[in-house]
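Sequences listed follow chains U and R, in order.
Here the first sequence is numbered in my numbering, starting from 78 and rising by one per residue.
Here the second sequence is numbered in my numbering, starting from 30 and rising by one per residue.
We treat Cβ as the ideally placed atom computed from N, Cα and C, and that holds for glycine.
Inspection log for the structure reproduced underneath, given as structure tokens.
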Amino acid sequence: MTEFLIHNAWIVPILPLIGGICAAVGGRWLKGNSHFPVVAGIGLAFVASLFLLLGEAGHAQPTPLGWIEVAGLTIPFQFRVDGLTTMMLSMVTFVASLVAIFASGYMAGDPGYPRFFAVFGMFVSSMAGLVLSSNFALTYVFWEGVGVCSYLLVGFWHSKPSAAAAAKKAFLVNRVGDFGFAIGLFWLWSVTKNHDLSYDAVFDATNLATIGHGALLGITLLFFWAATAKSAQVPLYVWLPDAMEGPTPVSALIHAATMVTAGVYLIARSTPMVVLVPEVQATVSVIGCITALLAALIALTQNDLKRVMAYSTVSQLGYMFMGLGAGIGGLASFAVVGAMFHLFTHAFFKALLFLASGSVMHSMGGVIDMRRFSGLRKKMPITCITFAIGAAALMGIFPFAGFWSKDEILAALKLASHESEGLKGFYPEIYIAVYWTAIVTAALTAFYTGRAFFMTFWGEEKLPSPHDPEADPAEDAAHGHGHDDGHAHEIGHESPPLMWIPLAILAVCAFGIGGLLGPTGLFAHHVEHTPGLAEIEGAAHHEFDYATAIISSAGALIALAVSYLFYGRKSTIPAQLAERFRPAYLASLNKFYVDEIYAMVILGPLKFLVATAAFFDTVVVDNLVLAAAWIPRLFGRYVLAPFQNGLVQFYAAVTALSVAGLLFVFMWLSLS
Amino acid sequence: MASLLLLTVFLPLVGAAVLAASPGLDYRKARRNALVVVLATLALSLFLLAGFDPDKSRPQFGFEDGDGSFGFPWMGQLGVRFALGVDGVSLWLFALTSLLMITAVFSSWESIKERAATHYALLLSLQTGLLGLFASLDVVMFYIFFEFTLIPLFFLIGLYGGHDRKRASVTFFLYTLAGSLLTLLGVIALVGVYYSHTGILTFSMPELTKGLATLKWDGWFEADSWASPQVVIFLLLFAGFAIKVPMFPFHTWLPLAHVEAPTAGSILLAGVMLKVGGYGLFRFNLAMTPLGAQFLFPWLAALSVIGIVYGALAALAQTDVKRLVAYSSVSHMGFIVLGLFSLNGTGMDGAMIQMINHGITTGALFACVGVFYERYHTREMAELGGLWNWSPLWAFFLILASLGSAAVPLLNGFVGEFPILLGMYRRSPPHAVIAAIGMVLGAYYLLWMLERVVFGPLKEPHVHGSDDSASHGAADSHGHGHAHSHARPIGWHEIAGLTPLMVLIVFIGVYPKPFFDRLRPATEPVVANITAEEHHAKATKPVTAFARPESAPTPPQPAAPATNVSPRGHSL
């Protein structure tokens with residue numbers, strides 16, 4: 078069975094795709110049961126990936142299937158099964174199964190129910206293809222494929238203008254990233270032996286040795302550029318918070334657990350190239366660090382529960398990049414495994430937090446503004462407990478999952494600052510600064526997570542009502558699914574089992590999976606055998622770093638306590654602080670005006686160019702053509718007309734001269 | 030098979046003659062007759078497709094003499110022959126024409142009721158013109174069909190077009206005619222050059238292509254100045270084809286013609302007529318005057334790249350959907366010529382399949398626009414919105430066609446655009462990088478169009494010609510998200526016209542192999558010829574100004590460095 082699956086790994090992406098197609102084609106008849114084929118497809122894909130996860134040894138490459146074959150370029154459907162792939166594949170299919178089950182309750186009654194599951198299946202298929210791909214060009218294919226599914230799901234509620242705008246923005250910002258990916262691919266193609274873009278050919282040691290330092294620098298930077306778009310890093314993170322316009326299960330799966338980690342995966346996959354250019358590694362770390370801090374600062378003041386989670390995702394992805402960038406010299410294996418471990422645990426606890434937020438939103442009749450509800454712990458006990466577990470994991474509190482993975486990244490950063498001391502022309506201060514920023518960010522994370530938790534579940538019980546000062550009737554109507562689905566009539570109830578059971582399963586993972594796989598070395602052992610990582614010198618395990626663990630835990634606990642003081646009970650401190658530091662508060666609340674700045678700096682000039690092109694087309698080019706059309710007329714009037722002078726001798730002379738000229742031309746042609 | 034090709038080419042003309050003979054025919058009968066003819070032609074084309082031998086680079090389905098020349102004598106002593114045949118490149122354009130005719134007929138189904146018989150007669154004669162053009166193996170025949178296509182399209186726009194149809198049809202006609210006269214000069218010059226150096230007067234395209242590449246005249250292989258013979262002839266040929274494509278700055282006739290043309294005219298104009306330009310550039314400019322292309326490379330690449338970016342920017346400025354799609358064609362055709370002028374197999378194969386892809390996606394886009402124009406009589410994006418609520422199926426068609434057009438992987442646009450950009454990257458990375466910006470902008474205007482037309486709350490202008498519009502009026506359908514539309518739902522004929530295109534958008538994206546397998550043998554000799562002539566030119570004259578040295582000495586052809594994964598051995 079295992080052997081068969083390894084050699085036919087394409088089965089994993091095909092299963093959810095078949096489910097999706099069934100939902101799309103049969104949706105008309107399946108209606109409210111449209112989730113069946115998709116849940117079944119994803120579930121089977123999960124079972125298959127478990128076989129691969131447990132049965133895989135070393136790595137295997139099934140026979141490629143031809144796809145694009147033109148002169149000079151061959152892109153096959155070429156999959157591989159190795160440590161990194163099976164880890165990602167199991168995580169993706171597992172989380173996707175749970176989210177699909179949750180969604181079958183959450184989306185019930187929505188008129189677009191079959192469409193939702195059809196695209197959902199397509200997404201899981203593309204994501205599985207992305208992590209299974211064994212060829213950079215094929216990775217690019219699925220990379221864009223997941224982007225398209227994201228576009229369709231963010232714009233799922235198509236009548237909502239904000240959703241349509243968010244979907245377009247997500248796709249376009251990602252296209253800007255893909256631009257870099259494509260150029261990077263072309264460049265890589267031109268420097269790789271035999272123009273073979275498969276991982277094995279590119280990562281071949283002799284091949285890497287022939288690629289110049291400049292080319293490697295450029296290619297990896299271009300790949301990283303693509304990663305900043307897909308994984309929502311500075312400067313291309315702006316699409317992710319807006320993408321929360323999509324249904325919450327979509328946010329949980331695509332915009333928290335899986336698709337947004339594709340950038341991290343790409344850089345991790347490219348490790349054999351990236352380790353050769355420490356400049357790029359430092360860049361990756363610094364960008365990740367800036368992103369983590371910036372997003373955490375924005376998350377401090379957001380009032381929309383899903384937005385807090387979105388910025389938190391941006392921030393956590395920043396952590397992963399910090400970790401990836403820390404892999405200099407012999408640290409590569411340790412740092413990359415650490416970053417991937419954080420990716421892994423983050424998928425569980427962030428999906429959990431999103432689904433729990435979705436459960437709140439579902440229960441509040443589509444309201445997600447935290448100022449409009451509070452004290453929900455009694456009405457929604459299961460949601461409250463599961464959210465708390467997810468929050469603890471996100472804060473990095475011992476022994477929850479996030480603690481173990483975040484700690485590995487911090488430890489890697491600390492080691493990197495020692496490691497880089499020996500490197501010529503390199504600044505160890507970079508990693509020291511990144512390390513301390515990461516610790517501060519960890520505390521900020523604990524604060525905003527605590528704030529979100531206390532504002533939602535603590536305090537006196539309050540349910541959204543249209544009389545709230547913050548209430549915006551349009552907002553109420555616009556958010557969420559149809560109100561005629563039966564269960565949204567009564568507000569403030571615990572979600573049905575179909576929704577809380579996935580929450581509970583994810584909560585168990587968010588609690589235990591870190592301690593189970595991290596300190597025991599199971600995770601590292603599995604991933605480090607990935608070809609490309611395995612060849613790099615240096616151990617994947619290091620001594621547990623107690624100092625870092627104590628510092629970051631202490632910071633997180635203090636921040637959690639402060640958040641309780643501010644938001645866990647009635648307090649005027651936050652309001653006072655906001656008043657006192659009004660510019661800072663406004664800056665954070667308005668997301669540091671990044672969207673506005675981009676609109677001015679990028680869209681402004683673009684609009685000018687567009688207007689110029691339109692003007693040029695109607696005025697200049699058209700008139701030039703008209704002017705050109707005048708030439709024959711003028712030619713006729715001033716050149717040809719004088720010839721028609723009625724003198725026969727003149728005509729004869731012209732005829733003779735022309736014949737002579739023609740003869741001359743023919744002679745010249747035949748002689749020369 | 031040879032007579033089958035002949036039958037396929039002229040069957041539509043017979044149909045056109047029958048329809049034209051009874052101009053007063055009821056539109057229901059006229060459209061039915063037209064449908065029968067185009068379906069029969071499509072069936073014949075598919076039959077040819079099935080019988081095509083993918084391994085041959087020589088044109089197939091032609092009458093061949095014992096000495097290997099095609100067709101039979103037509104204009105006695107002149108050497109003009111009546112020669113038909115298709116190779117891998119023309120085969121697909123041939124099939125595309127037959128397919129898009131179905132969409133064209135179906136999109137006229139309800140919209141053309143007056144003078145319907147004439148309309149369908151014009152469409153069918155246009156089809157014969159296009160099929161004949163792609164199947165011509167003789168320069169004179171090619172030119173006759175080339176000019177002949179102008180006539181039905183001129184009348185289609187002039188008789189069935191919008192308000193400004195007269196100006197549009199005249200501009201279109203004069204513009205393309207002016208260009209094609211220069212092309213005629215270029216063609217005559219080619220024949221003249223070949224005649225004056227070999228003493229053989231032939232108009233056969235395969236013979237000329239082969240003969241010119243091995244001409245015993247060193248001057249022919251010196252292309253280092255604007256006065257060199259290959260450069261001059263290239264420019265003459267280029268004039269007509271560049272206008273047809275259209276390349277910047279010769280594109281202004283296109284938006285005008287599209288806005289005024291009836292839907293069927295737009296589908297064929299954008300879907301097939303523009304490909305005539307690309308096809309001509311390939312068949313004549315690249316196959317017969319490759320050194321001219323090489324000498325002019327900086328100019329050609331610059332014009333292509335400008336066309337890509339400029340067309341995209343201009344598309345972003347449009348408020349009329351049809352104009353937007355028209356400008357998108359300027360941008361996308363820029364990609365195709367960019368691939369051609371990359372002068373290597375990668376770019377050329379990409380360009381060839383992209384011609385098919387563009388025909389399918391743009392045909393589909395115009396058909397989709399026609400569907401709602403027929404109901405709302407406006408294409409202004411400010412006046413409509415949220416048409417998903419009107420018809421989800423139609424929205425699905427438009428979104429799929431847009432995504433295909435935006436070169437999303439696993440849809441058809443990608444399999445063309447990626448090799449094109451890579452091909453250009455091989456020759457000149459900066460051009461490829463700028464062109465790739467066009468990919469971003471391309472997604473921008475298409476998604477922006479979708480956002481305004483498909484997404485958002487339903488917004489319909491006053492609906493004409495529907496059953497209950499008069500009583501409800503436009504007032505209450507403005508602005509609000511009405512779940513129900515007053516407009517007539519999408520009809521079976523519209524679905525039937527669009528579905529094959531949608532299937533192909535996905536099919537080519539997922540499994541382009543059958544297309545590439547047949548294209549490659551046809552492009553390979555041309556690429557080989559370019560490489561050989563480049564070597565020849567280098568040998569006779571050491572310094573060639575614009576020949577960018579390849580990083581590694583590549584074998585003459587098919588510049589296809591094999592990859593480890595056995596490039597051709599495996600198949601799905």
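Output the distance between the C-alpha atoms of residue i and residue j, rounded to the nearest integer angstrom.
i, j, result
"R:ALA581", "R:ASN373", "Confidence is the limiting factor: at R:ALA581 the pLDDT is only 42, short of 50, which leaves the residue's position unreliable, though a coordinate-based value still follows. Computed Cα separation, rounded: 14 angstroms."
"R:VAL220", "R:HIS226", "10 angstroms"
"U:ALA478", "R:LEU345", "48 angstroms"
"U:TYR675", "U:VAL311", "12 angstroms"
"R:ARG577", "R:ALA557", "At R:ARG577, the pLDDT of 43 sits below 50, so the modelled position is not reliable; the number obtained from the coordinates is stated separately. Approximately 17 angstroms between the Cα atoms of the pair."
"U:ALA122", "U:THR170", "6 angstroms"
"R:PHE536", "U:ILE627", "57 angstroms"
"U:LEU740", "R:GLY300", "44 angstroms"
"U:THR163", "U:ALA247", "28 angstroms"
"R:VAL118", "U:TRP316", "42 angstroms"
"U:ARG528", "U:GLY536", "12 angstroms"
"R:GLY494", "R:GLU412", "Confidence at R:GLY494 is low in this model, with a pLDDT of 48, below 50, so the placement of that residue should be treated as unreliable; the coordinate-derived value is given next. The straight-line gap from Cα to Cα measures roughly 17 angstroms."
"U:ASP446", "U:ASP381", "5 angstroms"
"R:SER257", "R:ASP82", "39 angstroms"
"U:GLY592", "U:ALA409", "23 angstroms"
If you follow the alpha helix (DSSP H) that residue i is in, where does it begin and where does it stop?
i, result
"U:PHE600", "599-604"
"U:LEU150", "Note, U:LEU150: premise wrong, no alpha helix (DSSP H); beta strand (DSSP E) at 150-154."
"U:VAL223", "213-231"
"R:TRP605", "Since the displayed chain R opens at 30 and closes at 601, residue 605 of chain R lies outside it and no answer follows."
"R:ARG60", "56-80"
"R:TYR204", "194-227"
"U:TRP266", "238-268"
"R:HIS361", "350-370"
"U:VAL351", "348-351"
"U:MET165", "160-183"
"U:VAL208", "190-209"
Which residue marks the beginning of the beta strand (DSSP E) containing residue i, and which one marks its end?
i, result
"U:GLY143", "142-147"
"R:PHE111", "109-111"
Go through its chain and collect everything with a Cβ distance to residue i's Cβ below 7 angstroms, but skip five positions before and after it.
i, result
"R:PRO522", "The identity of residue 522 of chain R in the sequence shown is His, whereas the question assumes Pro. Contacts found: PHE135, TRP138."
"U:LEU353", "LEU285, LEU293"
"R:ALA164", "LEU34, VAL38, LEU113, GLY114, VAL115, SER119, PHE123"
For a contact defined as C-beta to C-beta under 9 angstroms, what are the partners of residue i on chain R?
i, result
"U:PHE426", "By Cβ distance, chain R contributes nothing, its closest Cβ being about 32 angstroms from U:PHE426, past 9 angstroms."
Counting only Cβ pairs nearer than 8 angstroms, list the residues of chain U close to residue i.
i, result
"R:ARG87", "None at all; the shortest Cβ gap to chain U is about 19 angstroms."
"R:ILE466", "PHE256"
What does residue i reach in chain R if we use C-beta pairs closer than 7 angstroms?
i, result
"U:PHE248", "ALA472, LEU476"
Would you mind telling me which residues of chain B sit closer than 8 angstroms to residue i, beta carbon to beta carbon, in chain order?
i, result
"R:THR375", "Annotation note: the requested chain B is absent from the structure, which comprises protein chains U and R."
Can you find the residues in the same chain that come closer than 8 angstroms, C-beta to C-beta, to residue i, ignoring five residues on each side of it along the sequence?
i, result
"U:THR216", "LEU207, SER210, LEU343, ARG346"
"U:ASP561", "Reliability of the predicted coordinates at U:ASP561 is poor, the pLDDT of 39 falling under 50, and no value is obtained from them."
"U:LEU686", "none"
Considering only residues of the same chain and omitting the five flanking positions on each side of residue i, which have a CB-CB separation below 6 angstroms?
i, result
"U:LEU471", "PHE426, GLY479, THR526"
Run the proximity test for residue i: is its beta-carbon closer than 8 angstroms to any non-hydrogen atom belonging to the ligand FAD?
i, result
"R:LEU219", "Ligands in the displayed structure: none, and consequently the ligand FAD is not present."
Would you call the region 315-334 of chain U and the region 182-189 of chain U in contact, with 3 or more CB pairs under 8 angstroms?
-> Yes, the region 315-334 of chain U is in contact with the region 182-189 of chain U.
Taking 8 angstroms as the threshold, find out whether the region 321-335 of chain R comes into contact with the region 361-369 of chain R through three or more Cβ pairs.
-> The answer is yes - the region 361-369 of chain R touches the region 321-335 of chain R, with three or more Cβ pairs under 8 angstroms.
Cβ contact (3+ pairs, closer than 8 angstroms) linking the region 87-99 of chain U and the region 197-206 of chain U = Inter-segment contact for the region 87-99 of chain U and the region 197-206 of chain U is present: three or more beta-carbon pairs are separated by less than 8 angstroms.
Cβ contact check for the region 164-179 of chain U and the region 292-307 of chain U: 3 or more pairs under 8 angstroms | Output reads no: the region 292-307 of chain U does not touch the region 164-179 of chain U.
Contact between the region 377-387 of chain U and the region 400-419 of chain U (3+ Cβ pairs under 8 angstroms) = With the cut-off at 8 angstroms, the region 377-387 of chain U and the region 400-419 of chain U do not touch.
Per the contact definition of three or more C-beta pairs closer than 8 angstroms, is the region 145-155 of chain U in contact with the region 220-236 of chain U?
-> Pairwise C-beta distances place the region 220-236 of chain U out of contact with the region 145-155 of chain U, as fewer than three of them are shorter than 8 angstroms.
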